[in-house]
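Student: One structure, pasted below without further comment.
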Amino acid sequence: MPADPDHDPKTARRDRRVALSVLALVAATVLIGALAPRTAPQAVLAPAQDPACAEWGDGCTICRRTEDGAACSLPGIACTPGAMACLRPTGEP
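In this note's numbering, each residue carries its 1-based index in the sequence shown increased by 383.
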């Protein structure tokens with residue numbers, strides 16, 4: 384049986400080593416994700432629930448306290464919301 388002229392043992396060994404390295408990296412990433420401790424989200428008083436906040440938003444949607452309840456704007460099509468924050472306390476114009 385003649386030897387394959389396109390087969391280079393050094394290249395094959397390096398390719399095998401690269402493939403095993405990638406496989407080990409993927410396995411380690413999955414393992415870290417599975418074993419990482421999970422933290423419960425902390426309960427924070429939302430501006431909508433805070434009577435001292437008249438207007439709040441997340442950079443995409445702005446809500447205002449009215450006599451009928453909260454009135455909120457619609458977010459833009461390419462908006463990435465941030466953290467909800469009070470924009471205007473009650474008593475300010």
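C-beta: ideal position from N, C-alpha, C; glycine also.
Nothing here was measured: the structure is a model prediction, and the numbers come from that model.
#1: With a CB to CB cut of under 8 Å and the five nearest residues on each side skipped, what residues in its chain are close to residue 468?
#2: DSSP three-state label for residue 416, please.
#3: Taking only three categories from DSSP, how would you classify residue 409?
#4: For a test of the three-state rule: what should DSSP assign to residue 403, helix, strand or coil?
Tutor: A quick look at the data gives this:
#1: Counting from one through the sequence shown, the residue named residue 468 turns up at place 85. So the qualifying residues of the chain are 430, 439, 440, 441.
#2: Working through the sequence shown from its first residue, we reach residue 416 at position 33. Here residue 416 sits in helix by DSSP.
#3: Residue numbering aside, residue 409 sits at position 26 when the sequence shown is read from its first letter. Three-state DSSP puts residue 409 in a helix.
#4: If you number the sequence shown from 1, residue 403 lands on position 20. Residue 403 falls in the helix class under three-state DSSP.
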